[in-house]
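Have a look at the structure below before the remarks.
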DNA sequence: CAGCCGGATTGATCGACATCAATTCCGGCT
DNA sequence: AGCCGGAATTGATGTCGATCAATCCGGCTG
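Protein chains in written order, with the numbering used here: chain A, 288 to 551; chain B, 288 to 551.
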């Protein structure tokens with residue numbers, strides 16, 4: 288790997304503040320690679336040899352069963368993926384494919400596992416990453432089991448707005464059929480869901496969405512900090528773990544003033 | 288804490304093979320407590336002060352939104368819970384309540400975080416636990432997004448059979464309405480789902496379920512090692528992480544002979 | 001520029017699941 | 001034993017989302 292790339296890797300949250308020796312171990316055999324759009328990086332069930340760190344582009348994690356298929360998550364920089372499988376040296380539970388041109392750091396799984404044993408700080412950093420992923424999955428599960436399709440879409444739009452720190456206009460980052468699968472619906476129903484939201488101040492033109500009546504949309508969406516993480520994703524909040532901490536702090540600061548929970 | 292209890296704690300997977308100093312730090316202020324059935328241990332949104340280790344009994348993790356409520360997971364010994372929140376010192380995303388009389392070890396969160404910083408082996412043990420939880424959640428997500436209610440129930444029964452290492456008869460461990468919520472359906476529909484499975488060799492009498500035609504049931508369930516973890520839960524497989532490793536190894540050993548994946 | 005192709009939309013219909021309501025079953029209690 | 005209350009079951013109906021089918025649209029190519 289080029290030394291300029293190494294410098295860049297050193298700034299990643301996972302490698303910040305770790306011992307130089309550990310860094311050397313962890314990045315031994317690491318490889319910065321570029322992939323074109325629509326490339327399958329890994330198939331579910333495969334043994335996992337590398338930890339992937341997405342530096343540029345978008346990656347989709349998806350999974351199939353009996354001719355059905357669903358998108359579990361869509362990743363944007365900076366994110367690690369299949370970290371869990373690497374830690375246990377287990378098989379991947381999800382397939383990964385690029386949605387656009389990507390720049391990805393690949394680190395041998397052995398190196399990660401060794402570095403964790405050597406450096407408690409690094410092991411803690413890995414734990415934090417795992418926690419971010421776990422809590423994200425818990426949120427997704429609650430989202431799915433507790434809300435309808437329209438509600439999920441409404442909240443998705445509001446989260447997007449918070450993350451992009453935008454005003455009343457928001458850009459969808461993916462094709463609608465992929466968004467539909469992520470939200471657990473068919474493309475047809477996503478269309479109709481957008482239709483339903485028209486009466487709540489949502490106007491769609493291609494991938495641009497105007498939110499002309501936020502209060503009305505929120506009335507329908509009923510966003511909940513314990514499901515939807517509204518952390519802005521532009522400042523120093525780089526990884527999911529940071530967003531989780533932001534969410535808890537925001538929660539405590541506002542003490543449920545905005546989203547009062549029932550007593551009892 | 289009594290020294291006999293301390294000895295017992297030392298045998299837990301999470302504390303196996305860690306330095307004596309770390310053990311002392313981690314268990315400082317730890318407390319072994321008993322709770323009656325139907326006790327809320329923690330409410331979602333609350334700050335988390337303790338790591339909980341379930342030693343005896345059953346605990347339900349659940350969550351609510353807008354007057355709806357769902358069970359996310361049901362834990363049996365030995366399991367840690369809300370470990371993720373402890374690691375980040377974040378608020379709980381799920382509520383926890385006992386389903387029966389429970390024996391629970393409570394360890395101050397500070398102690399856990401300090402011990403992780405001190406001892407890489409302990410931090411790795413925590414990581415493994417987190418991985419087990421994460422992969423369990425991914426499996427649950429796939430289960431929900433890819434399968435129908437009847438299919439989920441059929442697979443649930445088959446997993447129970449594997450876990451209990453039983454023959455053709457299986458015992459449900461929870462009330463049916465709780466099982467229904469866990470499987471993402473109403474009690475009414477769980478009843479009807481059992482009805483549907485009658486024609487596939489499933490006979491229900493209270494909490495006892497007879498599986499009289501496993502091949503037929505499997506034909507409907509189409510179990511998949513990447514969704515359903517069929518690891519036996521009686522031998523030396525104590526925690527989810529071990530079950531994940533078992534699953535991967537079983538997978539590699541049988542190389543998809545039993546569940547061939549389509550070539551790609 | 002015409003043609004083409006994949007994604008998006010719209011409409012009609014179907015199936016799965018939720019809801020509401022009425023019994024029935026079962027365990028604990030007096 | 002008889003009673004009581006919550007859980008489970010069963011039936012009737014309604015709602016949401018999936019499926020099938022037919023355009024519509026936008027970008028790309030020949």
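All C-beta atoms in this analysis are idealised placements derived from N, C-alpha and C, irrespective of residue type, glycine included.
According to the DSSP assignment, residue 345/B belongs to no alpha helix (DSSP H), since it is labelled neither H nor E.
The segment 385-398 of chain A makes no contact with the segment 331-346 of chain B, as fewer than three CB pairs between them are under 8 Å. Excluding residues up to 5 positions away in sequence, 385 and 389 lie with their Cβ nearer than 6 Å to the Cβ of residue 322/A in the same chain. Here the segment 434-445 of chain B makes contact with the segment 475-489 of chain B; the two share three or more CB pairs at distances below 8 Å. For residue 357/B, the chain A residues whose Cβ falls inside 9 Å of its Cβ are 428, 429, 432 and 433, in order along the chain.
Listed by position along chain B, the residues whose Cβ is nearer than 7 Å to that of residue 413/A are 414. Residue 404/A reaches chain B at 407, 408 and 411, counting residues in chain order whose Cβ is nearer than 8 Å. For residue 405/B, the enclosing alpha helix (DSSP H) starts and ends at 396-405. Not flagged as an interface residue toward chain A: residue 525/B, since no C-beta distance is shorter than 9 Å. If you ignore the 5 residues before and after residue 473/A, its C-beta comes within less than 8 Å of the C-beta of 467, all in its own chain and listed in chain order. Counting along the chain, residue 356/A sits inside the beta strand (DSSP E) bounded by residues 355-362. Scanning its chain for C-beta atoms nearer than 8 Å, with the 5 sequence neighbours on each side dropped, one finds around residue 530/B the residues 419, 516, 518, 520 and 524, in chain order.
Taking C-alpha positions only, residue 324/B is separated from residue 362/B by approximately 14 Å. Remark: C-beta atoms of residue 312/A and residue 405/A approach each other more closely than 9 Å. Interface annotation, residue 366/B: not in contact with chain A, CB-CB separation never under 9 Å. With the criterion set as a beta carbon lying under 7 Å from some beta carbon of chain A, the segment 438-460 of chain B has no members that meet it.
When CB distances to chain A are screened at a threshold of 9 Å, the residues of the segment 456-488 of chain B falling below it are 468 and 471, in chain order. Beyond the five residues adjoining it in sequence on each side, residue 300/B comes within less than 6 Å, by CB distance, of 525 and 526 in the same chain, given in chain order. Within chain B, no residue has its CB atom less than 8 Å from the CB of residue 388/A, the nearest being about 22 Å off. In summary, residue 327/B is exposed, with fewer than 16 beta-carbon neighbours lying within 10 Å of its beta-carbon over all protein chains present. Comparing C-alpha distances from residue 535/B to each of 334/A, 439/A and 451/A shows the shortest one belongs to 334/A. Nearest neighbour of residue 540/B by Cα position, chosen from 329/A, 440/A and 378/A, turns out to be 378/A.
Pairing residue 369/B with residue 339/B gives a Cβ-Cβ distance under 9 Å.
Buried is the label assigned to residue 332/A, since at least 16 other Cβ atoms lie within 10 Å of its Cβ. In summary, residue 366/B is buried, with 16 or more beta-carbon neighbours lying within 10 Å of its beta-carbon over all protein chains present. Look at residue 334/B: its C-beta is under 9 Å from a C-beta on chain A. Just measuring C-alpha positions, the residue of 507/B, 451/B and 352/B sitting nearest residue 496/B is 451/B. Look at residue 509/B here: in three-state DSSP terms it is coil, with no helix or strand label.
Residue 355/B and residue 459/B have their C-alpha atoms some 24 Å from each other. If you draw a straight line from the Cα of residue 294/A to the Cα of residue 375/A, it is about 28 Å long. Note on residue 464/A: under 16 other CB atoms within 10 angstroms of its CB, so exposed under the neighbour-count rule.
In chain order, 373, 374 and 376 place their CB closer than 8 Å to the CB of residue 400/B, counting only its own chain and leaving out the 5 sequence neighbours on each side. Beta-bridge partners assigned by DSSP to residue 334/A: 378/A. Any Cβ of chain A closer than 9 Å to the Cβ of residue 421/B would place that residue at the interface, and such an atom is present. Taking 9 Å as the cut-off, the beta carbon of residue 292/B is found closer than this to the beta carbon of residue 319/B. With respect to the 9 Å criterion, residue 359/A and residue 509/B are not classified as neighbours on the basis of their beta carbons.
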